[in-house]
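Notes follow the structure.
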Amino acid sequence: MNVLLLRDVAAVLLAGGAGERLYPLTRDRAKPAVSFGGPY
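First residue of the sequence shown: 4, per the numbering used here; consecutive thereafter.
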(Lines of atoms letter the chains of each structure in order from A and count residues from 1; the text may use other names and numbers.)
(Lines give C-alpha, C1' and ligand atoms only; values in the text may rest on other atoms or scores of the structure.)
Protein backbone atom coordinates (compact mmCIF):
# COMPACT_ATOMS: atom_id res chain seq x y z
CA MET A 1 0.00 0.00 0.00
CA ASN A 2 1.25 3.44 -0.86
CA VAL A 3 2.49 5.35 2.21
CA LEU A 4 0.76 8.52 1.04
CA LEU A 5 -2.60 6.74 1.06
CA LEU A 6 -2.15 5.49 4.63
CA ARG A 7 -2.47 8.94 6.15
CA ASP A 8 -6.06 9.12 4.88
CA VAL A 9 -7.10 5.80 6.45
CA ALA A 10 -9.05 6.24 9.68
CA ALA A 11 -9.64 2.54 10.38
CA VAL A 12 -9.57 -0.92 8.88
CA LEU A 13 -12.37 -3.22 9.97
CA LEU A 14 -12.08 -6.98 9.52
CA ALA A 15 -15.22 -9.01 10.06
CA GLY A 16 -15.67 -12.75 9.66
CA GLY A 17 -18.20 -15.37 10.60
CA ALA A 18 -21.97 -15.52 10.41
CA GLY A 19 -22.66 -12.73 12.92
CA GLU A 20 -25.21 -14.78 14.86
CA ARG A 21 -24.48 -12.98 18.14
CA LEU A 22 -25.17 -9.64 16.45
CA TYR A 23 -28.48 -10.77 14.89
CA PRO A 24 -30.72 -7.95 16.09
CA LEU A 25 -28.21 -5.46 14.64
CA THR A 26 -27.50 -7.41 11.44
CA ARG A 27 -31.13 -8.03 10.47
CA ASP A 28 -31.21 -4.93 8.25
CA ARG A 29 -27.52 -4.35 7.40
CA ALA A 30 -24.29 -6.20 6.82
CA LYS A 31 -22.11 -6.92 9.84
CA PRO A 32 -19.30 -4.53 8.80
CA ALA A 33 -21.93 -1.76 8.58
CA VAL A 34 -23.19 -2.15 12.18
CA SER A 35 -22.48 1.02 14.11
CA PHE A 36 -20.41 0.98 17.28
CA GLY A 37 -19.44 3.90 19.44
CA GLY A 38 -21.35 6.42 17.33
CA PRO A 39 -24.12 7.01 14.80
CA TYR A 40 -24.54 4.88 11.70
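We treat Cβ as the ideally placed atom computed from N, Cα and C, and that holds for glycine.
| Query | Result |
| --- | --- |
| Proximity to Arg24 [Cα-Cα], best of Leu16, Lys34, Ser38 | Lys34 |
| Closer than 6 angstroms: Ser38 CB and nearest the ligand ADP heavy atom | With respect to the ligand ADP, the structure shown offers nothing to examine, as it has no ligands at all. |
| Three-state class that DSSP yields for Leu16 in the structure shown | coil |
| Where Arg24 sits in the DSSP three-state scheme | helix |
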